[in-house]
Ligand SMILES: [Zn+2]
Ligand SMILES: [Zn+2]
Ligand SMILES: [Zn+2]
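In our numbering, the protein residues as written are 7 to 439.
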């Protein structure tokens, strides 16, 4: 039986770490406020991992911050001018091309439709029929699995994922060019009067390919406080996005006869007008973006950290399709021609080499500013503990008291209802698995 004093220590510890599931223990000297002396002490601090599969508690804070960040970029607040509400804004989903047929739910989202009805469909060279008349329900493990794994272009997927950051870079510069073309101006002139800001987040589909969800906003040169020129309206912006997305390609280095030599976006894309003044639009989109900001490549903790060795790779307990993609990335990482992509370091992200969420400089506030505001808000808890002199040394992971884990988990469960709005998504963007 624990004494009241022991329970108090447990609660202090859990509070100090913000309910984190895997806090970091630090040992160091703390400045005693009363007599100004340095005292040898230990503290626990949150792991601050954004991934829900790693730390549900810290990821929830991250998700809340991501939500604030996107919402501020859409409707202003948190230091962003409220004028942005009248600037042209779009919510764009960019997809990957096909690397072989996979089992999927029908695009309209109705459950009743067959996966891949093809009358008299041929079989592949491996004898697998290229038709599927199943009506896959939500959560069906078959979703995202290739009809024939031997035909599926695993190498193409990894190389495509690896080039998404470069492809996005190209797309965003093509976007200025497309706006210039539509406005009958030079790109240089447009850059001197328009600023295109964005926030993007990565979604891993079940087939292992990356999709981007992007909020794009057109401002005047000075950013949120300045209107875009009047000729740059929503219609022009939509046309420019479609033009830029269709045009953007990047070169992919050739290795051992890969069929892919350029990477471009898939034909399927969703470009919708964002109306921030319409209640619900900004909150729903912000929730949608924030949800993806806390995922790992396959939603499990297995792919939360880089793979260190082939032996570790062989121990992964995941869908065979995902394991095969990880293995492909690992193997491709050995090719000289692909060295700069660092594919082994990105095997756990199926070759994807970029950030899970990122934004342009002037889109909104920053994660740092939001965190700072929160620390000030809960003054007396965590920043007081960090009021130190000298250096903290890493002293291990996990709580000092084993009971603290249970307390942290219980607190997390008890507060789960408060943040449910982050889990409700109501966008109709086309997301095929
Ligand atoms: Zn944590
Ligand atoms: Zn199917
Ligand atoms: Zn086949």
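All residues carry an ideal CB built from backbone N, CA and C; glycine is no exception. All values derive from a computational prediction rather than experimental measurement.
*Which of the three DSSP states, helix, strand or coil, is assigned to residue 97?*
Assignment of residue 97 by DSSP, reduced to helix, strand and coil, places it in the strand class.
*Classify residue 64 as helix, strand or coil using the three-state DSSP reduction.*
If DSSP states are grouped into helix, strand and coil, residue 64 belongs with the helices.
*Find out if the Cβ-Cβ distance for the pair residue 153, residue 107 is shorter than 8 Å.*
In this structure, residue 107 lies closer than 8 Å to residue 153 by Cβ.
*What is the DSSP secondary structure of residue 141, reduced to helix, strand or coil?*
Coil, per DSSP.
_Where residue 167 falls, given that 16 or more other Cβ within 10 Å makes a residue buried_ = Label assigned to residue 167: buried.
_If we require 4 or more residues per run, which alpha helix (DSSP H) segments fall completely within the region 195-275?_
Within the region 195-275, the complete alpha helix (DSSP H) segments at least 4 residues long are 240-253, listed from N- to C-terminus.
_Shorter than 7 Å, the distance from the beta carbon of residue 148 to the closest heavy atom of ligand 1, or not?_
No; taking the cut-off as 7 Å, the Cβ of residue 148 has no heavy atom of ligand 1 nearer than that.
*asked:* According to DSSP, simplified to helix, strand and coil, what is residue 284?
replied: Coil, per DSSP.
*Which partner residues of residue 34 appear in the DSSP bridge assignment?*
Paired residue(s): 47.
*Got a sec: does ligand 2 put a non-hydrogen atom nearer than 7 Å to the Cβ of residue 455?*
In the structure as shown, the chain starts at 7 and stops at 439, and residue 455 therefore has no counterpart that could be examined.
_By the DSSP assignment, the alpha helix (DSSP H) with residue 410 in it spans what residues?_
Boundaries of the alpha helix (DSSP H) around residue 410: 409-420.
*Does ligand 1 have a heavy atom nearer than 7 Å to the CB of residue 194?*
With a cutoff of 7 Å, residue 194 does not count as near ligand 1, since its C-beta is closer than that to no heavy atom of the ligand.
*To the nearest whole angstrom, what separates the beta carbons of residue 353 and residue 335, a pair I think is in contact under 8 Å?*
About 4 Å separates the beta carbon of residue 353 from that of residue 335, a gap short enough to meet the 8 Å contact definition.
*asked:* Comparing C-alpha positions only, which one of 55, 76 and 59 sits nearest to residue 67?
replied: Considering only alpha carbons, the answer is 55.
_Chain-order list of residues whose beta-carbon lies under 6 Å from that of residue 398 (same chain, five-residue window excluded)_ = The beta carbon of residue 398 sits closer than 6 Å to the beta carbons of 32 and 34 from its chain, once the five residues preceding and following it are set aside; these are given in chain order.
*Rounded to whole angstroms, what's the CA-CA distance from residue 403 to residue 28? Just pull it up for me.*
In a straight line, the C-alpha of residue 403 is about 6 Å away from that of residue 28.
*Does the Cβ of residue 98 have 16 or more other Cβ atoms within 10 Å, making it buried, or fewer, making it exposed?*
Looking at its Cβ environment, which holds 16 or more other Cβ atoms inside 10 Å, residue 98 is buried.
_Rounded straight-line distance, which links the Cα of residue 119 to that of residue 201_ = Approximately 44 Å, taken between the alpha carbons.
*Among 162, 50 and 46, which has the Cα closest to the Cα of residue 260?*
Nearest C-alpha to residue 260: 162.
*Pick helix, strand or coil for residue 110, following the three-state DSSP scheme.*
DSSP places residue 110 in coil when its eight states are reduced to three.
*asked:* Using only the alpha-carbon positions, how far apart do residue 369 and residue 329 sit?
replied: Each residue's alpha carbon lies about 36 Å from the other.
*asked:* Please list the terminal residues of the continuous alpha helix (DSSP H) segment that includes residue 160.
replied: Annotation for residue 160: the continuous alpha helix (DSSP H) segment containing it runs 160-168.
*Quick one, which of 112, 160, 15 and 184 has its alpha-carbon nearest residue 104's?*
Considering only alpha carbons, the answer is 160.
*Three-state secondary structure (DSSP) at residue 182?*
Helix, per DSSP.
*Based on Cα-Cα distance, which residue from 214, 21 and 226 lies nearest to residue 357?*
For the residues 214, 21 and 226, the minimum Cα distance to residue 357 belongs to 214.
_Does the contact criterion of 3 or more C-beta pairs under 8 Å hold for the region 179-198 versus the region 371-383?_
Taking a cut-off of 8 Å for Cβ pairs, the region 179-198 and the region 371-383 do not touch, as fewer than three such pairs fall below it.
_N- and C-terminal bounds of the beta strand (DSSP E) containing residue 482_ = The structure shown does not extend to residue 482, since the chain is modelled only from 7 through 439, so no value can be given for it.
*Per DSSP, what kind of secondary structure is residue 277 in: helix, strand or coil?*
Correct three-state label for residue 277: strand.
*Mind reading off the beta-carbon distance from residue 345 to residue 295? Whole number of angstroms is fine, and I expect it under 8 Å.*
Not confirmed; about 33 Å, so no contact.
*Using DSSP with H/G/I as helix, E/B as strand and the rest coil, what is residue 40?*
When secondary structure is reduced to three states using DSSP, residue 40 falls in the coil class, being assigned neither helix nor strand.
*The beta strand (DSSP E) enclosing residue 401, as first and last residue numbers*: That run of the beta strand (DSSP E) goes 399-403.
*Contact under 8 Å by Cβ, residue 81 with residue 282*: A contact, by the Cβ cut-off of 8 Å.
*May I ask which residues mark the beginning and end of the alpha helix (DSSP H) holding residue 317?*
For residue 317, the enclosing alpha helix (DSSP H) starts and ends at 316-320.
*From 171, 76 and 182, pick the residue whose C-alpha is nearest to that of residue 224; which is it?*
It is 182.
*Can the beta-carbon of residue 254 be found less than 8 Å from the beta-carbon of residue 180?*
Yes, they are a contact pair.
*Closer than 6 Å by C-beta to residue 339: which residues in its own chain qualify, once you throw out the five before and the five after it? Chain order, please.*
Excluding the 5 residues flanking it on each side, residue 339 has same chain C-beta neighbours closer than 6 Å at 349 and 350, in chain order.
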